[in-house]
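Structure, as structure tokens:
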Amino acid sequence: MKGRLLFKSPLPRSYLSHTSSVTSAAVATHRVYQVWRGKNRFLCGGRLIFGPDASSIVLTVALIMTPLALFVAFVSFRLAEVIGKPLGAAVPVTAVAVGVFDVVVLVLTSGRDPGIIPRNARPPEPDSFATTTTEMSSGSPATGASWSLPPTRDVYVNGVAVKVKYCHTCMLYRPPRCSHCSVCNNCVERFDHHCPWVGQCIGRRNYRFFFLFIASTTFLCLYVFGFCWMDLLLTSRRRGGVGIGRAVAESPVSGCLIAYTFVTAWFVGGLTAFHSYLVCTNQTTYENFRYRYERKANPFNRGAGSNVAEIFCSPVPPSRNDFRARVSPADPDAAALYYLGPLASESRISFYTRASGLSFDMAKASFDRNYSAASVASSSDFGDIYAGGGGGLDRVSSHQQPRHSIFGVGGGGHAREGKKQAEDEVDAVTAELGATMHYGRGAGRTRGREFGVV
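Under full-length UniProt numbering, the first residue of the sequence shown carries the number 1, and numbering increases by one thereafter.
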């Protein structure tokens with residue numbers, strides 16, 4: 001057919017589906033982490049999750065381990081000989097133990113889910129508050145109408161009104177203390193900040209490890225700083241009371257480490273002191289800078305003792321995401337939940353093609369065919385937040401974009417059929433690419449089909 005010669009798919013044939021059926025083998029070939037919609041990086045088959053700037057961890061480890069190695073090799077053993085047994089041996093052993101602990105808590109901070117809130121496949125259903133706080137745009141849901149949801153909702157925490165915001169990216173009302181990280185493109189529970197030094201968001205599930213990381217780094221800096229000064233003083237005494245400058249010339253490694261740890265301790269130590277204050281008052285960095293609870297009642301502050309116990313003694317909640325779970329391309333919500341962005345890998349390309357239910361030789365099937373019916377994701381943790389809206393995270397259709405034909409309307413029925421068939425082939429190629437294409441309006445008919453990729 002001539003229409004096929006005009007439009008050739010830019011994807012290799014191996015990525016195109018030539019049948020509308022999905023085999024059972026194809027359904028079970030992808031896990032959640034392989035088609036994850038955020039900007040995270042995964043290792044060990046989805047068991048470790050990092051932020052998009054995870055490469056900075058290498059620099060952080062180097063900044064910790066390089067001075068530690070110099071201290072152990074050139075300073076600690078000399079001090080151990082001077083101090084003598086058994087206390088002398090504790091100098092290098094303690095330094096190595098603290099350094100290993102520092103790296104371990106760094107990995108625990110960087111390589112775990114910080115508390116990502118699962119996305120909704122559809123925005124909340126406005127039925128429960130449509131009459132008072134929402135308005136519907138012209139048209140009907142079947143033809144691409146969109147509901148206008150209130151940007152914020154008030155909830156009460158310990159008698160204090162707290163505003164929760166609607167996230168247009170994740171299509172949900174964020175729980176209190178939750179915020180959307182623009183770096184990782186996820187909503188995170190008890191969001192504190194995104195730390196480039198650890199390459200990860202700091203949230204509910206990794207905040208304690210982050211605090212232990214900066215605290216142990218501060219201790220290590222002070223430890224090396226103190227013993228390097230001891231080394232210089234002992235060197236000065238051995239040389240008959242020479243000045244510090246002469247002692248530095250005798251032990252240049254100690255002099256360099258003193259300067260390095262002094263500067264580092266100011267930054268990391270100040271950060272540790274600041275987060276100690278936040279822990280005692282039960283605040284996050286985001287809340288402290290944005291809301292300034294000093295000027296109003298902090299609904300989460302239960303006293304210093306209870307706040308510290310909440311951070312360090314309460315169990316770490318399980319992740320809300322199973323990154324190793326299997327994803328079925330036959331699920332109509334799969335493409336909306338787990339895929340967005342460039343076709344970065346063969347795995348994502350083939351999954352996207354199958355999830356669309358399309359082939360190069362068939363007309364486009366809409367991703368939104370089931371979006372008109374609402375589904376509810378139960379969440380016991382968000383109960384009081386959504387009590388006024390149905391007691392859960394409601395879902396409706398994602399943002400819908402009308403598409404228009406590039407062909408004019410012919411004079412006869414056969415011409416219409418031929419042009420329609422050519423249009424369908426263009427739609428199929430467009431859907432395979434995973435891009436929403438906006439075509440110009442022809443002389444007549446406008447096609448109102450919807451392509452629901454968010």
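Cβ atoms here follow ideal geometry from the backbone N, Cα and C, with glycine treated the same way.
Note that the coordinates shown come from a computational prediction; the quantities given were computed from them, not determined experimentally.
query                                                                                                                       : result
Straight-line Cα distance separating Val35 from Arg324                                                                      : 11 Å
Residues bridged to Asn186 [DSSP beta-bridge criterion]                                                                     : Cys181
From Asn288, Cys187 and Cys228, residue whose alpha carbon lies closest to that of Arg174                                   : Cys187
Cα-Cα separation, Pro299 to Tyr286                                                                                          : 15 Å
Cα-Cα separation between Ser236 and Val242, rounded to whole angstroms                                                      : 5 Å
As assigned by DSSP and simplified to three states, the class of Gln283                                                     : coil
Extent of the continuous alpha helix (DSSP H) run through Val160                                                            : Looking at the DSSP string, Val160 is not in any alpha helix (DSSP H); the run it does join, the beta strand (DSSP E), is Val160 to Cys167.
Backbone secondary structure at Val327 - three-state DSSP                                                                   : coil
C-beta contact flag for Ala95 and Phe74 at 8 Å                                                                              : no
Of the listed residues His168, Cys201 and Thr272, nearest to Thr152 (C-alpha basis)                                         : His168
Beta-carbon proximity list for Ala247, same chain, < 6 Å, skipping 5 on both sides                                          : Leu232, Thr235 and Ser236
Ordered list of alpha helix (DSSP H) runs contained in the region 19 to 74, each at least 4 residues                        : 24 to 27 and 56 to 71
Buried versus exposed, by CB contacts within 10 Å (16 or more), Leu87                                                       : exposed
CA-to-CA distance, Asn206 to Gly45, given in whole angstroms                                                                : 20 Å
Where Ser254 sits in the DSSP three-state scheme                                                                            : helix
Through-space distance from Leu149 to Val164, alpha-carbon basis                                                            : 13 Å
Nearest-angstrom beta carbon gap, Leu271 and Pro67 [assumed within contact, 8 Å]                                            : So it is not a contact: roughly 18 Å between Cβ atoms.
Inter-residue Cα distance where the pair is Ser76 and Ile311                                                                : 35 Å
Beta-carbon proximity of Ser110 to Val198, cut-off 8 Å                                                                      : yes
Chain-order list of residues whose beta-carbon lies under 8 Å from that of Phe50 (same chain, five-residue window excluded) : Asn40, Arg41, Phe42, Leu43, Ile57, Ser110, Gly111, Gly199 and Gln200
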